[in-house]
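In this note's numbering, the protein residues as written are 89 to 675.
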Ligand code: ADP
């Protein structure tokens, strides 16, 4: 059986009233009883004392008459005992009856009075009526006696009965008032909750799409529906929050959310790493967390409204691009992107364009100047004309080489240099390449030696392999003095890798330049390189082609003089590249 809210409240109030009134009743009853008894005791004590005064003037034979007189005056029962407990006066017994009482009294109050001047006892008499006895030792002409005054405790009981009745009436009155209040309050609360209940009922009706009829008065049921809906909404909100958190954390951009009072509310993983944020950053002021005044200035500007943008270096050296926007909660959202790498690439591209322009400008202006000189009359002078045309031819040739090298680089970097790796015999490829460049060695009387095990196979693209070897061997011829020596050697550096070396006894390369000579247009001696028809792109092409095939490239000094240019490639049959077309890798 389920009770309504009002009945439950009333029951609760009734229980409380019964408990409080009951406890108060018991407490009051006890203290009233205690006070009434001590009042009765005091009264009986006075009676006994007054009896003592009367006894002072009585002779021993007149004790009984004195007891009667005292009883009449005090309206209580008076007895007189000798100190050995023998009754010698009683208002309750006739003198004859008294004389027959030979037994000394063993009543506790009489014993106490004999021993300690005064005694009190409460006990039921033969008729079952509760009596209080107060005995006092008093002086009498025939020696000390004990005067005892007794009265029924009845009056206390009556008073207590009245008290209980009053308490009960109070309780009942309390219950009536509580009931009335509950009824009044109940209607008020009901009126206040009516709109909530109605809208909850309407929501429930809409939810069930009329499938089940809803009673508008079904308040508790509607409220339960609201509770369920609320729980569902909370669940949706919390999973939304988790999703947002996951997205935020997985962003590559650093995100910092600031509150209106400039404190960090949220920071994602990228922000912790980019700004090297310490533990416990959330809750700190922006400048305490990130000691970068420009970031703080940007956040301040954004807090005035709108989106603000800036880019600058962090103390760590990273360059960041930052956007700060004021959000709806009056705080600011900062989104920072690390653009260090992008800027580096931009710089490389700018340098490259500048280098290319510079490289092209020289041959073009020489060709133009030669053509102008020829047109201005040098054509008429056959000897001079030949000289100018030869120079023009040389520079046009150089221009062609630069353009061709640039095209190769851009094709490799754009992944359009198709690689078709296959297993081939290394000694065969080297021999073929050396046949092509042999004449250059002969021109400078350079001794060329090849030492390659005929069993060595490599897994590479044949065209790329020839390109690499031609560049390295040509450089060796170019930079080695007349009658120098150039060697090409190869060995398996591991079961899967073959290392090919081109050694010369030229000027060698300063350690400071060893890293950079593989960069585009880098030359140790630009003038000399140009004079020898170099483009400054050969080693860059070598590096791109070797790396596109999964190898490494480098240069070591040769003792006592010269350089060792080396590169590695996958050994035949074990290369990482499969047969078939592979795209060149950009560096
Ligand atoms: P270049 O067309 O100028 O030879 P490379 O890219 O082939 O361009 O070489 C870059 C620079 O490396 C050269 O300018 C030269 O200074 C240096 N270099 C290349 N090969 C050798 C070598 N075998 N001995 C000494 N220096 C070399």
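Where is the CB? At the ideal position from N, CA and C, for every residue including glycine.
Item to check | Distance cut-off 7 Å: residue 612 Cβ against heavy atoms of the ligand ADP | outcome: Numbered from 1 along the chain shown, position 524 holds the residue referred to as residue 612. Flag set: Cβ of residue 612 near the ligand ADP.
Next on the checklist: Please state whether the Cβ-Cβ distance between residue 378 and residue 363 is less than 8 Å.
Outcome noted: The residue given as residue 378 occupies position 290 in the chain shown. The residue given as residue 363 occupies position 275 in the chain shown. Cβ distance < 8 Å, so residue 378 and residue 363 count as in contact.
Checklist entry - Rounded C-beta distance between residue 568 and residue 593? I'm assuming under 8 Å. => result Along the chain shown, one-based indexing puts residue 568 at 480. Along the chain shown, one-based indexing puts residue 593 at 505. Right, the Cβ-Cβ distance comes to about 6 Å (below 8 Å), so this counts as a contact.
Checklist entry - Are residue 639 and residue 623 touching if we call contact CB-CB under 8 Å? => result Here residue 639 refers to the residue found at position 551 when the chain shown is read from its first residue. Here residue 623 refers to the residue found at position 535 when the chain shown is read from its first residue. Cβ distance not < 8 Å, so residue 639 and residue 623 don't count as in contact.
Item to check | Where residue 180 sits in the DSSP three-state scheme | outcome: Taking the chain shown and counting its residues from 1, the one referred to as residue 180 is at position 92. Coil, per DSSP.
Checklist entry - First and last residue of the beta strand (DSSP E) that includes residue 535? => result Counting from one through the chain shown, the residue named residue 535 turns up at place 447. Per DSSP, residue 535 belongs to the beta strand (DSSP E) from 535-540.
Item to check | Cβ distance (whole Å) where residue 171 is taken to contact residue 233 below 8 Å | outcome: Here the question's residue 171 lines up with position 83 in the chain shown. Here the question's residue 233 lines up with position 145 in the chain shown. Residue 171 to residue 233, Cβ: 7 Å. Contact.
Checklist entry - Where are the alpha helix (DSSP H) runs, 4 residues long or more, that stay fully inside the region 196-259, in chain order? => result 196-204
Checklist entry - Exposed or buried, residue 452, counting other C-beta atoms within 10 Å across all chains shown (16 or more means buried)? => result As a working mapping, residue 452 is identified with position 364 in the chain shown. Classification of residue 452: exposed, given that the 10 Å Cβ count is below 16.
Checklist entry - Are residue 335 and residue 346 close, meaning C-beta to C-beta below 8 Å? => result The residue labelled residue 335 in the question sits at position 247 within the chain shown. The residue labelled residue 346 in the question sits at position 258 within the chain shown. Going by C-beta atoms, residue 335 is not nearer than 8 Å to residue 346.
Next on the checklist: Here's a check: name, in chain order, each residue in its chain whose Cβ is nearer than 8 Å to the Cβ of residue 339, leaving out the five neighbours to either side.
Outcome noted: Sequence index remark: in the chain shown, residue 339 carries index 251 (1-based). Result list for residue 339: 356, 358, in chain order.
Checklist entry - How many whole angstroms separate the CB atoms of residue 514 and residue 540, which I take to be in contact at a CB cut-off of 8 Å? => result Residue numbering aside, residue 514 sits at position 426 when the chain shown is read from its first letter. Residue numbering aside, residue 540 sits at position 452 when the chain shown is read from its first letter. Contact flag correct, Cβ pair sits at about 6 Å.
Checklist entry - When DSSP builds the beta bridges, which residues end up paired with residue 461? => result Here the question's residue 461 lines up with position 373 in the chain shown. In the DSSP output, where bridge partners are listed per residue, residue 461 has none listed.
Checklist entry - Can you give, in chain order, each stretch of the beta strand (DSSP E) that sits fully within the region 502-552 and has at least 3 residues? => result 509-513, 535-540, 545-549
Checklist entry - What do you get for residue 447, buried or exposed, if any count of 16 or more other CB atoms within 10 angstroms of its CB means buried? => result Translated into positions along the chain shown, residue 447 becomes position 359. Flag for residue 447 reads buried.
Next on the checklist: Considering only the alpha carbon of each residue, which of 550, 575, 522, 546 lies closest to residue 537?
Outcome noted: Taking the chain shown and counting its residues from 1, one reaches residue 537 at position 449. Nearest option by C-alpha distance: 575.
Next on the checklist: Rounding to the nearest angstrom, what Cα-Cα distance links residue 275 and residue 94 in this structure?
Outcome noted: Walking along the chain shown from the start, residue 275 turns up at place 187. Walking along the chain shown from the start, residue 94 turns up at place 6. Cα to Cα, the separation comes out at about 10 Å.
Checklist entry - Quick one, which of 543, 287, 449 has its alpha-carbon nearest residue 580's? => result Within the chain shown, the letter at position 492 stands for residue 580. Checking every option, the nearest Cα to that of residue 580 belongs to 543.
Item to check | Any chain C beta carbon closer than 8 Å to residue 548 | outcome: Judged by its chain identifiers, the structure shown contains no chain C, having just a single protein chain.
Item to check | With 16 other Cβ atoms within 10 Å as the buried cut-off, status of residue 630 | outcome: Against the chain shown, residue 630 aligns to sequence position 542. It counts as buried.
Next on the checklist: In whole angstroms, give me the CA-to-CA distance for residue 141 and residue 173.
Outcome noted: The count along the chain shown starts at 1 and reaches residue 141 at position 53. The count along the chain shown starts at 1 and reaches residue 173 at position 85. So the two alpha carbons sit approximately 20 Å from each other.
Checklist entry - Buried or exposed: where does residue 608 fall if 16 or more other Cβ atoms within 10 Å of its Cβ makes it buried? => result Numbered from 1 along the chain shown, position 520 holds the residue referred to as residue 608. Buried: at least 16 other Cβ atoms inside 10 Å.
Next on the checklist: With H, G and I counted as helix, E and B as strand and the rest as coil, what does DSSP make of residue 625?
Outcome noted: By one-based count along the chain shown, residue 625 stands at place 537. Coil.
Checklist entry - Out of curiosity, what's the CA-to-CA distance linking residue 133 and residue 252? => result Position 45 of the chain shown, counted from the start, is the residue given in the question as residue 133. Position 164 of the chain shown, counted from the start, is the residue given in the question as residue 252. Cα to Cα, the separation comes out at about 29 Å.
Item to check | Whole-Å CB distance - residue 395 paired with residue 413, under 8 Å assumed | outcome: As a first step, residue 395 is located in the chain shown; it is residue number 307 there, counting from the start. As a first step, residue 413 is located in the chain shown; it is residue number 325 there, counting from the start. Confirmed, Cβ separation roughly 4 Å.
Checklist entry - Do residue 386 and the ligand ADP come close, with the Cβ less than 7 Å from some heavy atom? => result The count along the chain shown starts at 1 and reaches residue 386 at position 298. No; taking the cut-off as 7 Å, the Cβ of residue 386 has no heavy atom of the ligand ADP nearer than that.
Next on the checklist: If contacts are defined as beta-carbon pairs under 8 Å, then residue 427 and residue 411 qualify, I think. What distance do you get, rounded to the angstrom?
Outcome noted: Stepping through the chain shown from its first residue, residue 427 is reached at position 339. Stepping through the chain shown from its first residue, residue 411 is reached at position 323. In fact, because the Cβ distance is near 12 Å, the residues do not count as touching under 8 Å.
Checklist entry - Quick one: what's got a C-beta closer than 6 Å to residue 529's C-beta in the same chain, skipping five residues either side? => result For the purposes of this step, residue 529 is taken as residue 441 along the chain shown, with counting starting at 1. Closer than 6 Å at the Cβ level, and outside the excluded window around residue 529, lie 536, 565.
Item to check | Distance, residue 343 Cα to residue 417 Cα | outcome: Numbered from its first residue, the chain shown carries residue 417 at position 329. Numbered from its first residue, the chain shown carries residue 343 at position 255. Roughly 16 Å between the two C-alpha positions.
Checklist entry - To which residues of the same chain is residue 654 closer than 8 Å at the C-beta, ignoring the five residues directly before and after it? => result By 1-based counting over the chain shown, the position of residue 654 is 566. Correct list, in chain order: 587, 588, 589, 590, 641, 642, 643, 644.
Checklist entry - Where does residue 420 land, buried or exposed, given buried means 16+ other C-beta within 10 angstroms? => result Your numbering for residue 420 matches position 332 in the chain shown. Classification of residue 420: buried, given that the 10 Å Cβ count is 16 or more.
Item to check | Cβ-Cβ separation, residue 380 to residue 365 (assumed contact under 8 Å), whole Å | outcome: As a first step, residue 365 must be located in the chain shown, where it is residue number 277. As a first step, residue 380 must be located in the chain shown, where it is residue number 292. Actually they are not in contact, since the Cβ atoms of residue 365 and residue 380 sit about 12 Å apart, beyond 8 Å.
Next on the checklist: Taking the beta carbon of residue 271 as the centre, do at least 16 other beta carbons fall within 10 Å, making it buried, or is it exposed?
Outcome noted: As a first step, residue 271 must be located in the chain shown, where it is residue number 183. The residue in question, residue 271, is exposed, as its Cβ has fewer than 16 Cβ neighbours within 10 Å.
Next on the checklist: So, with DSSP's three-state summary, where would you put residue 120?
Outcome noted: As a first step, residue 120 is located in the chain shown; it is residue number 32 there, counting from the start. Three-state result, residue 120: helix.
Next on the checklist: I'd like to check one pair, residue 152 with residue 113: are the Cβ atoms closer than 8 Å?
Outcome noted: Residue mapping note: residue 113 aligns to position 25 of the chain shown, counting from 1. Residue mapping note: residue 152 aligns to position 64 of the chain shown, counting from 1. Cβ distance not < 8 Å, so residue 113 and residue 152 don't count as in contact.
Item to check | Which of helix, strand or coil DSSP assigns to residue 613 | outcome: The sequence position of residue 613 within the chain shown is 525, counting from 1. Correct three-state label for residue 613: coil.
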